[in-house]
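Undergrad: Protein chains in written order, with the numbering used here: chain A, 2 to 302; chain B, 109 to 350; chain C, 1199 to 1562. We treat Cβ as the ideally placed atom computed from N, Cα and C, and that holds for glycine.
(1) In whole angstroms, what is the alpha-carbon distance linking residue 194 of chain A and residue 202 of chain B?
(2) For the stretch 169–184 of chain B, enumerate the residues whose C-beta is nearer than 9 Å to any C-beta of chain A, in chain order.
(3) Where does residue 1424 of chain C fall in DSSP's three states?
(4) Rounded to whole angstroms, how far is the Cβ of residue 1 of chain A from the Cβ of residue 38 of chain A, which I believe are closer than 8 Å?
(5) Under the rule that 16 or more other beta-carbon atoms within 10 Å means buried, what is residue 223 of chain A, buried or exposed?
(6) For the stretch 1415–1441 of chain C, enumerate the residues whose C-beta is nearer than 7 Å to any C-beta of chain A, in chain order.
(7) When you compare the stretch 182–200 of chain B with the stretch 248–258 of chain B, are there three or more beta-carbon pairs, one atom per stretch, that lie closer than 8 Å?
(8) How about residue 248 of chain A and residue 158 of chain A: do their beta carbons lie closer than 8 Å?
(9) Pick from B:226, B:185, B:180: whose alpha carbon is nearest that of residue 162 of chain B?
(10) For the stretch 161–193 of chain A, which residues have a CB atom closer than 8 Å to at least one CB atom of chain F, in sequence order?
(11) Going by DSSP in three states, residue 290 of chain A sits in which element: helix, strand or coil?
(12) How is the beta strand (DSSP E) around residue 133 of chain B delimited, first residue to last?
(13) How is the beta strand (DSSP E) around residue 118 of chain B delimited, first residue to last?
(14) At the level of alpha carbons, what is the spacing between residue 1231 of chain C and residue 103 of chain A?
(15) Indicate whether residue 1334 of chain C and residue 1294 of chain C have their beta-carbon atoms separated by less than 8 Å.
(16) Please compile the residues from chain C whose C-beta is within a distance smaller than 8 Å of the C-beta of residue 279 of chain A.
(17) From the DSSP output, which residues share a beta bridge with residue 1465 of chain C?
(18) Does the stretch 246–265 of chain A come into contact with the stretch 7–21 of chain A, if we say contact requires no fewer than three beta-carbon pairs (one atom in each stretch) closer than 8 Å?
(19) Check the Cβ of residue 1350 of chain C against every Cβ in chain A and list those closer than 9 Å, keeping chain order.
(20) Flag residue 26 of chain A as yes if its beta-carbon sits less than 8 Å from any beta-carbon of chain C, otherwise no.
(21) Ignoring anything shorter than 4 residues, give me the alpha helix (DSSP H) runs that lie fully in the stretch 138–168 of chain A, in order along the chain.
(22) Excluding the 5 residues preceding and the 5 following residue 1233 of chain C in the sequence, name in chain order all residues of the same chain whose CB lies nearer than 7 Å to its CB.
(23) How many Å lie between residue 1370 of chain C and residue 275 of chain A at the Cα?
(24) Alpha carbon to alpha carbon, how far is residue 1545 of chain C from residue 1210 of chain C? Give it in angstroms, no decimals.
(25) If you draw a straight line from the C-alpha of residue 177 of chain B to the C-alpha of residue 112 of chain B, how long is it?
(26) Give the secondary structure of residue 328 of chain B by DSSP, where H, G and I count as helix, E and B as strand, and everything else as coil.
(27) Taking Cβ-Cβ distances below 9 Å as the criterion, which residues of the stretch 258–287 of chain B are in contact with chain A?
(28) Three Cβ pairs or more, each shorter than 8 Å: is that satisfied between the stretch 1251–1264 of chain C and the stretch 1424–1431 of chain C?
(29) Three-state secondary structure (DSSP) at residue 252 of chain A?
(30) Counting only the same chain and skipping the five closest in sequence on each side, list residues whose C-beta sits under 8 Å from that of residue 174 of chain B.
(31) Which chain A residues are close to residue 1301 of chain C, counting only those with a beta carbon under 9 Å from its beta carbon?
(32) With H, G and I counted as helix, E and B as strand and the rest as coil, what does DSSP make of residue 33 of chain A?
(33) Quick one: grab the DSSP three-state call for residue 124 of chain A.
(34) Taking the alpha-carbon positions, what's the residue 295 of chain B to residue 289 of chain B distance?
(35) Find out if the Cβ-Cβ distance for the pair residue 170 of chain A, residue 197 of chain A is shorter than 8 Å.
(36) Please report the distance separating the alpha-carbon of residue 1387 of chain C from that of residue 236 of chain A.
Here you go:
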């Protein structure tokens, strides 16, 4: 039972972090950022030397953990900010559909850039190997990694909340997320807020990459995509632009997946995701604005 | 001294022209009312000055500097504070957070005055102080109107532009808002640019008045002198002699 | 766009025709028919050219172009007219592709590979054009059922719901081993190597799109897209009109699925998933979301671009030295070019305009 709870929480953590990264950017510029998944992949592949081998040739991976973690987070943040400056800045006034396709095209570019350097073969790597050992809690044997995933996610969420609630930059970001042009009329600098959102979102992508990479032990160029799909859905059913909503929906989706995995009849288990998606449609039908609708968010699609 | 000056400003939305070739200027410490019926282009004009709506043609200068294509945040940082129509409060932020959003643009000396400014806004609108930690979205319409005006004052502007300050406010509160604005004008040399649909308030307060119709300025003069003259009636209802 | 609303079309025809509805529609049809004719002629020209060169790989490339035209026009019928971005339409292509596979594979192979199919399908072996029609109808019916539920939503909620449909269908088809063969490929679908059936499929899609656009439902839907409040006030039942477009476009996507299946002879669930969704959506958006001509021209241009980049990747011989681009450059260049086009023309190459013989200014 405890195992199920922890499975649900750790899967939900990934979805929640992913959804948060998307919701942050959506909040400030109404962009559904399809390139986010590729930023996830990029930030962890930055640890490797370009090669076509199945075994990763690590260059920065030898770093001690206290350097390795910041390295990946910073790579994610930098890439994300770079995307903003080079590409998204030119799409500020474009329609959401155009922005979405542009972000997809950008993701495509990042993905094939990685592919060119590393080929599509997944690479095995042991990131933070010390975390693989099981620990015993309340009589259940749990991988230490799972525990750390959950704790790290909670810490990230707390830090982000504090940042948004207690700092001037956070205040400006929340104001801009709600009503961008009003915030600008109050002197909030659009570029700073948007770049800040991209930086945080990119760092979150780095965090996901680290967690995912150490959980699976392999790095795959497609690794971002699977998390992204659910994270994307979580962002919407959480109420696009609502950060607490995105987190809540991420955990709910994680829980729904794990619970269905356990309780569905054996024959139906392979179809688990189909049930999850069905549930998503139901949620949308009953509450099209999402679970927590972001106040003042006007639909533009 | 001229603070704000517009030359032949036009605003278009697609094929619709909301403002056509408007020119006027506002002197420092002046009080200027822009009045006119619904759809006269008053709000579009305000949004164009604030930089949130693109000018199709013309030139706008603030303090001698061309701000026609300037970003809204830079215009705000030059001391132009805009209260748009429709009470755009940040609903999920608390009342006090709303007031603080615009105070980030000042560094150094002015920052010390933020606390004083907050106190003075609370003084004018005690209800805001009472609900300072409440969610702004939960305020009543009138309270939200107070909040947006207070929020604009918090930026310590040189020129404040308010789109329909009396909308949704009880008459006695409207009186208080105007009293406060006029006091600030006397104390700090604040310049006031106020949009109202009716000319009543302009006539009461005095100052200069522009009358817009169909995207153009049709009258410009002293509010009290124009008063309820026939010219105003004609401008509002379109009785024109041919 | 031919006309944004019923009122606009009424203004465009002579006053005598306004009194009666049918002549007005007829006049509108006459006025706009040039667009599908010109677009079809473009495709026919490409086909004839291909036929004359007779090169085998080029033949296959052009077949791919025609299949994509069918798919993107199918997308346009819903997205262009309703203004709602759908990520789910490739699900109908998936349904169509598998339906075509079920109906045309040799019964002996079917019995071993897909034992879960009902007996009457297992025994069936139809010619490809019959299977394509049935595939389209099957996808249309699926769109009707799903659309009944989905069309109550609008805006981004609708987009995500269609996305969920895509993921749901993909999960089902990837796991229902006895009927779909799971994630492994379903082989043995008769491969049609001549370009003409694909040309006809694409032309049918174009004319269907045109007919829908000038139908009362299509006009009402576009009016609702441009002026939702006004359209609702004048009695346009938006969910209903959207459903009509959804079903028509679902059927065209199904047809495209069948064509895809016959063009390569293999179907897998991943053929019809995110990759195809995004490439077709990109073609539509690059061409111009609100324009039928944009849909067709977007496909032709991007396909040409992809082909050129492929050739460059394979290597070009100049003065006995072969210059080849490294692998992956093709996709990167494609992405970059798409971003540049969108940055320069955010509403696509054609925006809302259509190609006609005369440079008459239509719509906005």
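TA: Let me spell this out:
(1) 20 Å
(2) 179, 180, 181, 182, 183, 184
(3) helix
(4) Residue numbering for chain A in the displayed model covers 2 to 302; residue 1 of chain A lies beyond these limits and cannot be assessed.
(5) exposed
(6) none
(7) yes
(8) In terms of Cβ geometry, residue 248 of chain A and residue 158 of chain A form a close pair [threshold 8 Å].
(9) B:180
(10) In summary, chain F is missing from the structure at hand, where the protein chains are A, B and C.
(11) It is coil, neither helix nor strand.
(12) Element bounds for residue 133 of chain B: 124–135.
(13) Secondary structure note for residue 118 of chain B: its beta strand (DSSP E) is the uninterrupted segment 110–121.
(14) 33 Å
(15) yes
(16) 1362, 1366
(17) C:1384
(18) yes
(19) Listed along chain A, the residues sitting closer than 9 Å to residue 1350 of chain C by beta-carbon distance are 286, 289.
(20) no
(21) 145–167
(22) 1408, 1490, 1491, 1552, 1553, 1554
(23) Distance between the alpha carbons of residue 1370 of chain C and residue 275 of chain A is about 7 Å.
(24) Annotation note: pLDDT 38 at residue 1210 of chain C (below 50); position unreliable, coordinate value reported separately. Rounded to whole angstroms, residue 1210 of chain C to residue 1545 of chain C spans 25 Å at the Cα level.
(25) 15 Å
(26) Note: residue 328 of chain B maps to strand in three-state DSSP.
(27) 259, 260, 262, 263
(28) no
(29) helix
(30) 167, 168
(31) Per Cβ cutoff of 9 Å: no residues; residue 1301 of chain C is ~24 Å from chain A at best.
(32) Residue state, collapsed to three classes: coil.
(33) Note: residue 124 of chain A maps to strand in three-state DSSP.
(34) 10 Å
(35) yes
(36) 40 Å
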